[in-house]
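Protein chains in written order, with the working numbering: chain A, 1 to 254; chain B, 1001 to 1426.
Structure first, commentary second.
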Amino acid sequence: MSLSSYRYDGSFEGLLSAFAEARLEDAAGPAFSPASAAEGGLLWAAREVPLRPATAAALWRDLVSAGGAEAGRTLTSAWLAEESALEGALYEYCCLTLERRQCLDAWAAQPAIRAVLAAARRVGHEVHRFQGILRFAETQSGWYYAACEPDHNIIALLAPHFVGRLGDQRWAIHDRRRDLVVCWDGQELRPGRAPAAPPAGAAAGPALSEAEVATQSQWRRYHRHIAIDSRRNPRLQRRCLPRRYWPYLTEMQG
Amino acid sequence: MTIDQKLAILAESAKYDVSCASSGTTRSGGAGVGSCAVTGICHSWSADGRCVSLLKLLLGNRCIYDCAYCVNRRSNDIPRASLSVAEVVDLTLRFYRRNYIEGLFLSSAVERSPDDTMERLLEVARELRVRHAFQGYIHLKAIPGADPALVRRAGAYADRLSVNIELPSQESLQRLAPQKSKLGILGPMGVIHDGIAEYRAEAVVHRAAPRFAPAGQSTQMVVGASPENDLQILNLSAALYQRYDLKRVYYSAYVPVSTDSRLPALRTPPLEREHRLYQADWLMRLYGFAAQELLSPETPWLDPVLDPKCAWALRHPEAFPVEVATAPYERLLRVPGIGMRSAQRLCSTRRFAALRLEDLTRLGVVLRRAQFFLTVNGRCPAAGAMTPQRLRHCLISGDSARSPWWQPDLFAWRDAQAAPEACACP
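What follows is the structure, given as structure tokens:
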């Protein structure tokens, strides 16, 4: 047994590679940090673990055979929360699942499981929230464009919902915080990186179609008139729909 | 009149309909646009804090009826408009494609006759479903007095149907909405109930059975415009849930929209009462409480300052304490401060390891309330014995039993006058 600290390349596969290494060495309470994190604060030097796709895939298979697809979903969702210092809990979650050969999500009183579940739940909540508050705008090229700034890295989890719902139109979801895009051209879902430098004048998004401008103003009008004046409750409104989402909501502009 | 103006007028007229639920059904695939999520999705929140999930519209607000509580009553001087079928369909699809809405909630005033109105509502739903293969959510109002055959046909297109019961008793209905009758309202409700029951029975046998309002039926009543007490209202709701298998009964605090002498003069809508009724309604639908447990003919009003579950617990010290390590789910649900989610978590996590007091908060139990009513492995988290009065105060103010304010010696004089000890804990 050894006290160890591992450094991985920042990807999910990289993290799984580091987990496999730590399990091999039977490390006690190992620490994991992404390569991007600042060095220091550690009493012992972190060891670089390179990305090993085959090792990562093997660990993933083991995990899913032990805990089922549900455990796999919990783990990936928690990872997409992009919360620092969650790696330790993710590691313990993996080890416990492999040890007990079952999905342990019901064991909510175990600290590591609770932490992983809570992160996965935050991601799930945000996906659900954006299923509602994402706004598409029709561009002059006929594509529908939606920009957002989610707290967690959710657009990969969000996209399948819109494939099922708006599958007959072409759309793109743009995570402006991470500069990630998912595009649907009517046939295929393509994830990618947004162009680092958008063309001049595109800061506010692409140019809108004529129908779009009219529809947006109608939606704003509807949204204003559907509120009951004698029940006005802006605090409740902000609690349900925090202000940080407003910049991307059509109805909150103008 | 432009479509923008009509939209404003008809949204104004539709906004007193409470339901905005888009849950209870799944739809997907097909050649057209749309899907339904079983959980329902909220898309926005308006300035009154209510969620916006469906495009809530009236097809028209010209009405032959003159119901005193209704903003669209014939004698009210408001701008009138009506939308064509094509306009509603177009608006719905344009909003839907931009992810503004989960679907359409369409109702209408009765401009000529109930049948004529019902047919036009039906026409919108059919256009959306058949011509545009729309798979989003559709909630249609069934118009009281309409031909049962039309209501039946609506069920084939709509996810949810609703008939508003309007007021909690026949007498109030007679007084405030003399042109409507209890039978006219319950008639379509029964038709819908039978349609849903047939569909469910058939769906068991073959999965491709034609759908009939798969997300069920709901209703709504105005609270505070007539003299009924809370017990009468809850009894009515219980009967509706039982007899018509409703998904939801919605309560709408009466918003003063008229100076009619038959109506109470309210400055603001009775929102607190509406809130308590919803709490009691949840207890009946999901927590296994009966209306008679929450209220009695001697105390027919819900406590305005204490939620109905706490109030029930205070009246039933014999049901407590509940041992969280062993109690079945149904008993956990009756503990104030334990909801459905935390009760489920308690049940599932205790299979893995023994529960400790510090786990409870992490599992979502609100100890501030629950501490007086439970034990963890035989130990009670709240300190000392309690009188019902003290307990009531603690629950209302949120004071902990350990708060110095409630040091026994400080208020010993009060205990002397208080009712006999009925401690929630051993």
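Where a beta carbon is used, it is the ideal one built from N, C-alpha and C, also for glycine.
Note that this is a predicted model, so its numbers are computed, not measured.
Presumed contact (8 Å Cβ cut-off) between L1104 (chain B) and L1059 (chain B), rounded CB distance: Contact doesn't hold; Cβ gap of about 11 Å is too wide.
Exercise for review: Within 10 angstroms of the Cβ of Y1157 (chain B), are there 16 or more other Cβ atoms? Answer buried if so, exposed if not.
Suggested key: buried
Residue range of the beta strand (DSSP E) that includes G1187 (chain B): From DSSP, G1187 (chain B) is part of no beta strand (DSSP E) but of the alpha helix (DSSP H) over 1182–1205.
Item to check | Interface residues of chain B facing G132 (chain A) [CB-CB closer than 7 Å] | outcome: Within chain B, the residues near G132 (chain A) are I1041, C1042, H1043.
Exercise for the section: Leaving aside the five residues before and after G67 (chain A) along the sequence, list all residues of the same chain whose C-beta is less than 6 Å from its C-beta, in chain order. Expected result: T97, C103
Q: Report the rounded CA-to-CA distance for R995 (chain B) versus F1373 (chain B), giving the unit in angstroms.
A: Missing from the structure shown is residue 995 (chain B); chain B here goes from 1001 to 1426 and no further.
- Query: Helix, strand or coil: how does DSSP classify E149 (chain A) here?
  - Reply: coil
Based on Cα-Cα distance, which residue from A:P206, A:G254, A:P247, A:R121 lies nearest to R224 (chain A)? A:G254
- Message: Can you check which of these residues, A:E83, A:T55, A:R232, A:G72, is closest to S33 (chain A) by C-alpha distance?
- Response: Comparing Cα positions, the closest option is A:E83.
Next on the checklist: For the alpha helix (DSSP H) containing M1221 (chain B), name the first residue and the last one.
Outcome noted: Not the alpha helix (DSSP H): M1221 (chain B) falls in the beta strand (DSSP E), residues 1217–1223.
- Task: State buried or exposed for R114 (chain A), treating a residue as buried only when at least 16 other CB atoms are found within 10 Å of its CB.
- Result: buried
- What are the boundary residues of the beta strand (DSSP E) that D175 (chain A) is part of? 171–175 is the extent of the beta strand (DSSP E) around D175 (chain A).
*Looking at G1216 (chain B) and G1024 (chain B), is the spacing between their C-beta atoms short of 8 Å?*
yes
- Identify which residue in B:S1237, B:V1255, B:S1258, B:Q1242 has its Cα closest to the Cα of R1249 (chain B). Note that residue 1249 (chain B) corresponds to Val in the displayed sequence, not to Arg. Measuring from the Cα of V1249 (chain B), the nearest candidate turns out to be B:S1237.
- Query: Roughly how many angstroms separate the alpha carbons of V1124 (chain B) and D179 (chain A), rounded to a whole number?
  - Reply: 41 Å
**Q.** Contacts around I1233 (chain B), its chain only, beta-carbon distance under 6 Å, and the 5 residues preceding and following it disregarded
**A.** P1168
| field | V1018 (chain B) in three-state terms, based on DSSP | value | coil
### Message
I want to verify the contact list: residues of chain B whose CB lies under 7 Å from the CB of E251 (chain A), in sequence order.
### Response
S1044
For P1114 (chain B), name the three-state secondary structure that DSSP assigns.
Three-state DSSP puts P1114 (chain B) in a helix.
**Q.** C1070 (chain B), enclosing beta strand (DSSP E) - first and last residue
**A.** Taken as a continuous stretch (DSSP letters only), C1070 (chain B) belongs to no beta strand (DSSP E), as it is neither H nor E.
query = Is the Cβ of Y222 (chain A) closer than 8 Å to any Cβ of chain B?
reply = yes
Can you tell me whether W79 (chain A) is buried or exposed, with buried defined as 16 or more other CB within 10 angstroms of its CB?
-> With 16 or more other Cβ atoms inside 10 Å of its own Cβ, W79 (chain A) counts as buried.
* If we ignore side chains and look at the alpha-carbon of each, how far apart do E87 (chain A) and A120 (chain A) end up? -> 13 Å
Tell me whether R61 (chain A) sits in a helix, a strand or coil according to DSSP, three-state version.
-> The answer is helix: DSSP assigns R61 (chain A) an H, G or I state.
Practice problem: Quick one: give me the first and last residue of the beta strand (DSSP E) that F12 (chain A) is part of. | Solution: Per DSSP, F12 (chain A) belongs to no beta strand (DSSP E); it is in the alpha helix (DSSP H), 12–24.
#### Entry: DSSP-derived helix/strand/coil call for K1309 (chain B)
In this structure, K1309 (chain B) counts as helix in the three-state DSSP scheme.
> Between F136 (chain A) and the rest of its own chain, which residues show a CB-CB distance below 8 Å, the 5 nearest in sequence each way excluded?
Replying inline: The beta carbon of F136 (chain A) is closer than 8 Å to those of Y144, Y145, A146, L166, W171 in its chain, skipping five residues each way along the sequence.
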